[in-house]
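Peer 1: I have a structure I would like to understand better, so I am pasting it below and will then ask my questions one at a time.
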Amino acid sequence: MDISRAFSYPRNDPRWFGKLLSLGLISIFPIVNLIGMGYMVEALRRVARGDEATLPEWDNYGGYFMDGLRVTVTYMVYALPLLLVIGVLLGVVIASGNDEARGMGLLSMLANLFQMFWQFLLWVVWPALLLQVAFREGWAVGFDFAAMMSNITRNIGAYVMVLVMTVAFGILGTLGILACGVGILITGPYAQMCMAHLFGQLAQGNMDQVHPAEYS
0 MDISRAFSYP RNDPRWFGKL LSLGLISIFP IVNLIGMGYM VEALRRVARG DEATLPEWDN
60 YGGYFMDGLR VTVTYMVYAL PLLLVIGVLL GVVIASGNDE ARGMGLLSML ANLFQMFWQF
120 LLWVVWPALL LQVAFREGWA VGFDFAAMMS NITRNIGAYV MVLVMTVAFG ILGTLGILAC
180 GVGILITGPY AQMCMAHLFG QLAQGNMDQV HPAEYS
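In structure tokens, the structure reads:
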């Protein structure tokens, strides 16, 4: 896993600033920001094929939107258990008839514990989920647990490194807030492309098994 290549990847493109600014602006708006997620998916595909000379062009909005939609819908389904558990706990507290403060305190503690546990799981499976969507067609690919486990265990050392660096690049992406908040329009997308490069590296060497989704 070459971290330095990932960090320099966005700047390989002579037009990197304009492309990243476009990504930052698109990411501001709900629904439209799905295009930005799809743009990241396309970037990791290119890196996986060894094409890292430039960032993707902004010429396939429909395809980017569909990729972003698949990623988002899949992630939301994975997040549903958190909402369901909180709902059940709330129902138990209401039905128990115990002291309200005591019941809410118990609910808060259990909900927080489960939230931390589930968010940790989502963090762990995120790279594997993204690779599934990037290289497999269909809406159910994010729930192919055997394939996702294979993505995780195929090179566990590299996978753990990717997880650690997603946190590091995530912190890097927030630094733009220091520039009156405007800088995040560049630092956020920059970090996103660095992560895309890491995910692409993770997929390299297994291209005989993957086929990118296509949309007309």
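Using numbering that gives the first Met the number 0, read the sequence shown as starting at 0 and increasing by one per residue. Quick reminder that beta carbons are idealized off the backbone N, C-alpha and C, glycines included. Everything numeric in this text was worked out from a predicted model, so none of it was measured.
On the three-state DSSP scale, how would you describe I30?
Peer 2: Taking the first residue of the sequence shown as position 1, residue 30 is located at position 31. In this structure, I30 counts as coil in the three-state DSSP scheme.
Peer 1: Using a Cβ-Cβ cut-off of 6 Å (strictly less than) and excluding sequence neighbours within five positions of E41, which residues of its own chain qualify?
Peer 2: Translated into positions along the sequence shown, residue 41 becomes position 42. Result list for E41: P55, in chain order.
Peer 1: Within its chain, find whatever has a CB closer than 7 Å to the CB of Y38; leave out the 5 residues flanking it on each side and keep chain order.
Peer 2: Within the sequence shown, numbered from 1, the residue matching residue 38 stands at position 39. Counting only Cβ-Cβ distances below 7 Å, and skipping sequence neighbours, we find L22, P55, Y63.
Peer 1: Taking 8 Å as the cut-off, decide whether the C-beta atoms of F198 and V159 are in contact.
Peer 2: Locating residue 198 in the sequence shown gives position 199, where the first residue counts as 1. Locating residue 159 in the sequence shown gives position 160, where the first residue counts as 1. No, the pair does not count as a contact, with Cβ atoms beyond the cut-off.
Peer 1: Kindly give me the distance between the Cβ atoms of R45 and E51, rounded to whole angstroms, as I take these residues to be in contact under 8 Å.
Peer 2: Along the sequence shown, one-based indexing puts residue 45 at 46. Along the sequence shown, one-based indexing puts residue 51 at 52. Contact holds; Cβ gap of about 7 Å.
Peer 1: Am I right that A94 and L121 are in contact with their C-beta atoms under 8 Å? What's the rounded C-beta distance?
Peer 2: Reading the sequence shown from its first residue, position 95 is the one you call residue 94. Reading the sequence shown from its first residue, position 122 is the one you call residue 121. The Cβ separation is near 29 Å, so there is no contact.
Peer 1: Distance check for L83 and L201, CA to CA, integer angstroms please.
Peer 2: Your numbering for residue 201 matches position 202 in the sequence shown. Your numbering for residue 83 matches position 84 in the sequence shown. In a straight line, the C-alpha of L201 is about 33 Å away from that of L83.
Peer 1: Where does Y189 land, buried or exposed, given buried means 16+ other C-beta within 10 angstroms?
Peer 2: In the sequence shown, residue 189 corresponds to position 190, counting from 1. The residue is buried, with at least 16 neighbouring Cβ atoms inside 10 Å.
Peer 1: Distance check for V91 and W15, CA to CA, integer angstroms please.
Peer 2: In the sequence shown, residue 15 corresponds to position 16, counting from 1. In the sequence shown, residue 91 corresponds to position 92, counting from 1. Distance between the alpha carbons of W15 and V91: 53 Å.
Peer 1: In the DSSP assignment, the alpha helix (DSSP H) including W15 goes from what residue to what residue?
Peer 2: Taking the sequence shown and counting its residues from 1, the one referred to as residue 15 is at position 16. Run containing W15: 15-25, per the alpha helix (DSSP H) assignment.
Peer 1: Kindly give me the distance between the Cβ atoms of C193 and A47, rounded to whole angstroms, as I take these residues to be in contact under 8 Å.
Peer 2: On the sequence shown, position 194 is the one that residue 193 refers to. On the sequence shown, position 48 is the one that residue 47 refers to. Not confirmed; about 15 Å, so no contact.
Peer 1: Alpha carbons only, please: which of H196, L184, A195 is nearest the one belonging to F28?
Peer 2: Here residue 28 refers to the residue found at position 29 when the sequence shown is read from its first residue. Answer by Cα proximity: L184.
Peer 1: DSSP state of R48, grouped into three classes?
Peer 2: Against the sequence shown, residue 48 aligns to sequence position 49. Coil.
Peer 1: According to the neighbour-count rule (16 or more other Cβ atoms, all chains shown, within 10 Å of its Cβ), is S26 buried or exposed?
Peer 2: As a first step, residue 26 must be located in the sequence shown, where it is residue number 27. Counting Cβ neighbours within 10 Å, S26 comes out buried, since at least 16 surround it.
Peer 1: Near I151, which residues of its chain fall below 7 Å by C-beta distance, leaving aside the five closest residues on each side in sequence?
Peer 2: As a working mapping, residue 151 is identified with position 152 in the sequence shown. If we look at I151 and ignore the five residues flanking it on each side, its Cβ neighbours are A127, Y158.
Peer 1: Do T81 and W125 have their CB atoms nearer than 8 Å?
Peer 2: Against the sequence shown, residue 81 aligns to sequence position 82. Against the sequence shown, residue 125 aligns to sequence position 126. One point to set straight first is that residue 81 is Leu, not Thr, in the sequence displayed. Contact flag unset, no.
Peer 1: Is the Cβ-Cβ distance between T71 and L33 less than 8 Å?
Peer 2: Along the sequence shown, read from residue 1 onward, the residue named residue 71 stands at position 72. Along the sequence shown, read from residue 1 onward, the residue named residue 33 stands at position 34. Yes.
Peer 1: When we look at the beta-carbon of R10 and count the other beta-carbons within 10 Å, is it buried (16 or more) or exposed?
Peer 2: Translated into positions along the sequence shown, residue 10 becomes position 11. Exposed.
Peer 1: With D58 and V132 assumed to form a contact (beta carbons below 8 Å), what rounded beta-carbon distance in angstroms separates them?
Peer 2: Here the question's residue 58 lines up with position 59 in the sequence shown. Here the question's residue 132 lines up with position 133 in the sequence shown. Wrong, their Cβ atoms sit about 20 Å apart, outside the cutoff.
Peer 1: By DSSP, does L54 sit in helix, in strand, or in coil?
Peer 2: Locating residue 54 in the sequence shown gives position 55, where the first residue counts as 1. Here L54 sits in coil by DSSP.
Peer 1: By alpha-carbon positions, which one of D1, I2, Y74 ends up nearest to V123?
Peer 2: For the purposes of this step, residue 123 is taken as residue 124 along the sequence shown, with counting starting at 1. Nearest of D1, I2, Y74 to V123, Cα basis: Y74.
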